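Notes follow once the structure below has been shown.
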Amino acid sequence: MVKKVTEGITISVETFYQPDYSNPIGSEFMFAYRITIENNNTFPIKLLRRHWYIIDSNGSHREVEGEGVVGVQPLLAPSESYQYVSGSNLRTEIGKMYGTYQMENQLNKKIFEVKIPEFQMVVPFKMN
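Going by the UniProt record's numbering, the residue at position 22 of the sequence shown is 22; the numbering climbs one at a time, nothing skipped.
This is how it looks when you write it as C-alpha cells:
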C-alpha cells in the first residue's frame with residue numbers, strides 16, 4: 001500500500017493483479033486498485049474530478065480524466081473516508097499510475113488539488 005497526504009487529504013492505494021481478466025499471450029494485463037480517501041480537515045470536501053497518468057514499462061503513456069470517480073462525486077465530512085475500487089489494463093507486465101483529484105472546500109467553495117501517490121502494478125510472477 002502507498003499513501004500520500006496533500007492539503008489535509010490522505011490518499012491510500014492498494015493494487016491487485018486480475019489473472020482472470022488478463023491475457024498474457026495477447027499482452028493484456030488487468031489490475032484492480034482500491035483507493036481510500038480520508039478527509040482530515042475541519043471542513044467538508046467534494047471530489048469533483050480525477051486526472052490519471054498510466055505508464056506501461058514499454059514507455060507507453062496514457063492520460064484519463066473526467067468527473068468524479070466510478071460515476072460519483074463523493075462528499076466527505078471532516079474525519080470521513082470514502083473507498084472505491086476501479087481498474088486499469090496494461091500492455092506490459094509492469095506499469096505505474098499516479099495523478100490528481102480536484103477537490104472543493106464545501107464551506108468557501110475554493111478548489112484545490114490533491115495528489116494521488118504513484119503506485120506500481122506488477123504481475124506476481126515478475127516479482128521473483
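Think of the CB as a built atom: it goes at the ideal place given N, C-alpha and C, for glycine as much as any other residue. Please read these numbers as outputs of a predicted model, since none were measured by experiment.
Span of the beta strand (DSSP E) around residue i
i: Lys110; result: Segment: none, Lys110 is in no beta strand (DSSP E) and carries neither H nor E.
i: Thr100; result: 94-105
Check: residue i C-beta below 6 Å from any heavy atom of the ligand ATP
i: Glu93; result: You won't find the ligand ATP in this model; it holds no ligand whatsoever.
C-beta atoms of residue i and residue j nearer than 7 Å
i: Asn58; j: Thr92; result: yes
i: Arg34; j: Glu14; result: yes
i: Val122; j: Ile94; result: yes
i: Gln102; j: Pro44; result: no
i: residue 129; j: Thr36; result: In this structure the chain extends from 1 to 128, so residue 129 is not present and cannot be described.
i: Phe86; j: Val70; result: It should be noted that the sequence gives Ser, not Phe, for residue 86. It is a contact, given that the beta carbons lie within the stated cut-off.
i: Ile55; j: Lys3; result: no
Residue i, DSSP secondary structure in three states
i: Gly8; result: coil
Whole beta strand (DSSP E) runs in the stretch 32-82 with 3 or more residues, listed along the chain? The qualifying runs are 45-56, 61-67.
So, do the stretch 16-23 and the stretch 68-84 have three or more beta carbon pairs nearer to each other than 8 Å? The stretch 16-23 is not in contact with the stretch 68-84.
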